[in-house]
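Undergrad: With positions in the sequence shown counted from 1, the corresponding number in the numbering used here is that position plus 117.
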Amino acid sequence: MAGAVKIVTDDSFEEDVLKSDKPVLVDFWAEWCGPCRQIAPSLEAIASEHDELTIVKLNIDENPATAAKYGVMSIPTLNVYQNGEVTKTIVGAKPKAALLRDLEPFLGNEAKA
118 MAGAVKIVTD DSFEEDVLKS DKPVLVDFWA EWCGPCRQIA PSLEAIASEH DELTIVKLNI
178 DENPATAAKY GVMSIPTLNV YQNGEVTKTI VGAKPKAALL RDLEPFLGNE AKA
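Quick look at the structure:
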């Protein structure tokens, strides 16, 4: 379903992300992170506009194992997973238009700012 950014945890990561049949963007974030809060509306908008990409959030304070496993050293870090593998990493806050450019290979031809 397009439109919703789902919350994932260390426990649900494999099922929700690694076993997904479509690309999944994981937003590694924390409550105290200003830039993380800054990009959240853009990610929600992208999720509502593009159902060919699943967008999920993983709070690194509550779920440190997954963040450590994937070497997340700074947040926000956005990893795109396809077939259980990281295929794209975006580090830092970016405007929606820049995120769409970075995500274009996963969105088809209809990526618009």
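A virtual CB, placed ideally from N, CA and C, is assigned to each residue, including glycine.
On a predicted model such as this, the values are computed, not experimentally measured, just so you know.
Under 8 Å: do the stretch 127-138 and the stretch 154-164 share three or more Cβ pairs, one atom per stretch?
TA: No: the two stretches stay apart, fewer than three of their Cβ pairs being nearer than 8 Å.
Undergrad: Do you know how far the Cα of T171 is from the Cα of L220?
TA: Each residue's Cα considered, the two are about 12 Å apart.
Undergrad: Between I207 and C150, which are expected to be in contact by the criterion C-beta below 8 Å, what is the C-beta distance as a whole number of angstroms?
TA: I207 to C150, Cβ: 15 Å. No contact.
Undergrad: Taking only runs that begin and end inside the stretch 138-206, name each unbroken beta strand (DSSP E) of 3 or more residues, in chain order.
TA: Those beta strand (DSSP E) runs which fall completely within the stretch 138-206 and span 3+ residues are 141-146, 171-176, 194-199.
Undergrad: Taking just the CA atoms, how far does V134 sit from Y198?
TA: Taking the straight line from one Cα to the other gives about 7 Å.
Undergrad: Using 8 Å as the threshold, is the C-beta distance between N176 and E148 below it?
TA: Yes.
Undergrad: Taking the continuous alpha helix (DSSP H) assigned at P222, which residues delimit it?
TA: 213-224 is the extent of the alpha helix (DSSP H) around P222.
Undergrad: Count the other CB atoms, across all protein chains shown, that sit within 10 Å of the CB of T204; report buried if there are 16 or more and exposed otherwise.
TA: Exposed: under 16 other Cβ atoms inside 10 Å.
Undergrad: For the candidate residues P222, V125, V173, T194, whose alpha-carbon lies nearest to that of A210?
TA: Of P222, V125, V173, T194, the residue nearest in Cα terms is T194.
Undergrad: T183 to V125, Cα distance in whole Å?
TA: C-alpha separation (whole angstroms): 10 Å.
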